[in-house]
Amino acid sequence: MIRTLFIATSALILAFSGPTLAQPQPVAFDSAIPVARDVPYPGTMKLVVDATDLDRRIMTVKQTIPVAGPGPMVLLYPEWLPGKHAARGELEKVAGLKITAGGKTLTWRRDPVEVYALHIDVPAGAKQVELSFQFLSATAADQGRIVMTRETLNLQWNSTAFYPAGWFTRRIPVEATAILPEGWGYGVALDVASDKGDVHTFKTVSFETLVDSPMFAGRYYRQFDLDPGGRSPVKLNVVADRPELLEASDEQIARHRALVVQADRLFGARHYDRYDFLLALTDRMGGIGLEHHRSSENGSDPEYFTSWDRLSDKRGLLPHEYTHSWNGKFRRGADLWTPDYATPMRDSLMWVYEGQTQFWGVILAARSGLVSRDQTLENLAMTAATYEARVGRQWRDIADTTNDPIISARKPKGWLSWQRNEDYYADGLLVWLDADSLIRERTDGKKSLDDFAKAFFGVEDGSYVPRTYVFEDVVATLNGVTPYDWATFLKDRIEGRGRPAPLDGFARGGWKLVYAETPTAYQKAADTAAKRHDFTYSVGLNLKPTGEIQQVQWDGPAFKQGLVVGATVVAVDGEAYSDTRLKGAITRAKGGKKPIQLIVKDGERYRIVDLAWNGGLRYPKLERIEGTPDRLGDLLSAR
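Residues 746 to 1384 (the working numbering) make up the sequence shown, in order.
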């Protein structure tokens, strides 16, 4: 028997390996990209971006890069971008590249492994190399984010520049020039060297600072001073699709000024010499919310000012991105900071970087009056309900979601409640709300997470040199506020799988999550703005006004009947779909045994679906717990 098995096994090996038994071996990677060094670069780069081709939305670039001497040189295009937490450089939009030195064209070749790197040979006697190319910005949404329209421009310098490998980007000086369409205004956190007509040249900064200082420009532009006579300039630079959209009331601007005041009182320090909010009121340019140390890119509804009462859910963006000047830019996770844009980022501490920023963004919006106290409570109820229903926490913890910027690059997910997404944002908010309420409880209200903010983010007033941290630094600072086993507290909530949502902060804060048959005013406004009909907490569906399904709650009534994202509900109980009819059907079925009948179109197939749900309509809200301290109310109060 043993002999027979040996013969059979030998025959099998021969059959799979061929007569010579030769197997392929991998070809070694041959990549000679210099490692970044913390030494001065020999010379100053010059960059000129012509953004006047509004018809074709093409930016034409000319760049001069001094060279250290003859021989091999590697040029890099920014790949791993701060604030994106992933490799998001739009290399595919670079075209027509030509490199010369001393009037002679140089041959370039792309690195076969690191495709964002170009190899050239610098000839003897050359003092610099000249690059010319086009950045072909998106003209339709399926090409990427639209950054250029006939009315507005979002110039991100990292899209329009290469840089030499082998140096920290903070050690590479660059003088940048933007050529804008005639008469356009602009906002940018750079100091002007010269304005000659529509040619705007800025004072030399490091390449790191340039990449961190994008520009918003527009045919219709207005600037508001948010800190008149303050210690450092804070400006709100607004571009819009139409001139009337720039009309802001004194009261609206006063609330934005209050944001600056409340942030000062929270952190007790500033880590910028100037700060420029860049705000685009547009539905033509792509949306954005991106932090920088001395500015932020913000895209909002065109009627941000003119339909103020309708758009309360849009007013949390600026407080969030402003908080990032302290949390994410000044203080930054040690494994997220990189010396250049070729070094991969590691996002392990994003539950601090984004989670606590999400927390403070909501709190500062309330304290400044940008969002009312009641609206904030209604917003928090929606957050609590979302993560109470996020059943994916059974198998995936918050810590693992910090990898999602790299894993999924913010692509839509078919089963969001089970797959999870970048939950370190709002699920992280709930963890920090829990921490704040615990500090208040343990200190009888004498201390709070505000004290952590001052101790952690408020150090080194005036410095905007990034200061990195690790997990132990977070724990030590919390212990400095009030002694506790904070390491276990955080690890249980961030790394624990199968735990319920971290909602203890509400209970300690004097509130509880409940469900009502009608949505709050805040949810109505948010659903209207998002163009959705949300039945997540009843039949487990989130639909577009057309009836197309946007989300299905994992293991909910709709899931159990096989409904999926992309299918369309065309009828409810025999009548054409509308949210009113679905609400009526859910209400009629409450307390009984009769299912809710839908007709669903999935591709070319129509079918009748019976939803077994008799619990009625359910929408989240917060309710006070009688006889308890209102610690949550204290947290939201202006300082």
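Backbone N, C-alpha and C fix where the C-beta goes; we use that ideal spot for every residue, glycine too.
Asked: I need the boundaries of the alpha helix (DSSP H) containing residue 1330, first residue and last residue.; Found: 1324-1334
Asked: Check the C-beta distance from residue 933 over to residue 1021 and give it rounded, since I have them as a contact under 8 angstroms.; Found: 7 angstroms
Asked: In angstroms, rounded to a whole number, what distance separates the CA positions of residue 884 and residue 1176?; Found: 41 angstroms
Asked: Any contact between the segment 794-809 and the segment 890-900? By contact I mean 3 or more CB pairs, one from each, below 8 angstroms.; Found: yes
Asked: In the DSSP assignment, what are the bridge partners of residue 1202?; Found: Residue 1202 is not bridged to any residue.
Asked: For residue 1341 versus residue 1331, is the C-beta spacing smaller than 8 angstroms?; Found: yes
Asked: Tell me the DSSP secondary structure of residue 1207 in three-state form.; Found: coil
Asked: With H, G and I counted as helix, E and B as strand and the rest as coil, what does DSSP make of residue 824?; Found: coil
Asked: Measuring only the C-alpha atoms, how far is residue 1217 from residue 1232?; Found: 8 angstroms
Asked: Can you tell me which of the three DSSP states residue 1113 falls into?; Found: helix
Asked: Suppose you measure from the CA of residue 1093 to the CA of residue 1148; what does that come to, to the nearest Å?; Found: 7 angstroms
Asked: Select from 1381, 1382, 1333 the residue whose C-alpha is nearest the C-alpha of residue 1360.; Found: 1333
Asked: Which of the three DSSP states, helix, strand or coil, is assigned to residue 1001?; Found: helix
Asked: Taking only the alpha-carbon atoms, compute the straight-line gap between residue 865 and residue 832 and give it to the nearest angstrom.; Found: 23 angstroms
Asked: For the beta strand (DSSP E) that contains residue 1182, what are its first and last residues?; Found: Note, residue 1182: premise wrong, no beta strand (DSSP E); alpha helix (DSSP H) at 1171-1187.
Asked: Which residues does DSSP pair with residue 1045 in a beta bridge?; Found: 1026
Asked: Using the Cβ count rule (16 or more neighbours within 10 Å means buried), how would you classify residue 1371?; Found: exposed
Asked: What alpha helix (DSSP H) runs, 4 residues minimum, are completely inside the segment 1086-1169?; Found: 1095-1098, 1100-1113, 1118-1133, 1143-1146, 1149-1152, 1161-1164
Asked: Keeping to the same chain, check which residues put their C-beta closer than 6 angstroms to that of residue 1105; ignore five residues upstream and five downstream.; Found: 1068
Asked: Considering just the uninterrupted stretch of the beta strand (DSSP E) at residue 811, what are its terminal residues?; Found: 803-811
Asked: Which term fits residue 766, buried or exposed, when burial requires 16 or more other beta carbons within 10 angstroms of its beta carbon?; Found: exposed
Asked: For the pair the segment 987-1007 and the segment 1171-1186, tell me if three or more CB-CB distances fall below 8 angstroms.; Found: no
Asked: Output the boundary residues of the alpha helix (DSSP H) element that contains residue 1302.; Found: 1302-1305
Asked: Does residue 878 pass the burial test, meaning 16 or more other C-beta atoms within 10 Å, or should it be called exposed?; Found: buried
Asked: Grouping DSSP H, G and I as helix and E and B as strand, with all else coil, what is residue 1274?; Found: helix
Asked: Are the beta-carbon atoms belonging to residue 983 and residue 1024 less than 8 angstroms from one another?; Found: yes
Asked: Following the continuous alpha helix (DSSP H) through residue 1378, name the residue where it begins and the one where it ends.; Found: 1376-1381
Asked: What is the DSSP secondary structure of residue 845, counted as helix, strand or coil?; Found: strand
Asked: Would you list the one or two residues that DSSP bridges to residue 1287?; Found: 1279, 1296
Asked: Distance check for residue 1246 and residue 1159, CA to CA, integer angstroms please.; Found: 22 angstroms
Asked: Go ahead and pull the three-state DSSP assignment for residue 1192.; Found: coil
Asked: For residue 973, which residues of its own chain have a beta-carbon under 6 angstroms away from its beta-carbon, when the five flanking residues on both sides are left out?; Found: none
Asked: According to DSSP, what are the bridge partners of residue 924?; Found: 795, 944
Asked: May I ask you to report which of helix, strand or coil DSSP gives residue 1269?; Found: helix
Asked: What three-state label does DSSP hand residue 1251 in the structure shown?; Found: helix
Asked: Do residue 1117 and residue 1007 have their beta-carbon atoms positioned less than 8 angstroms apart in this structure?; Found: no
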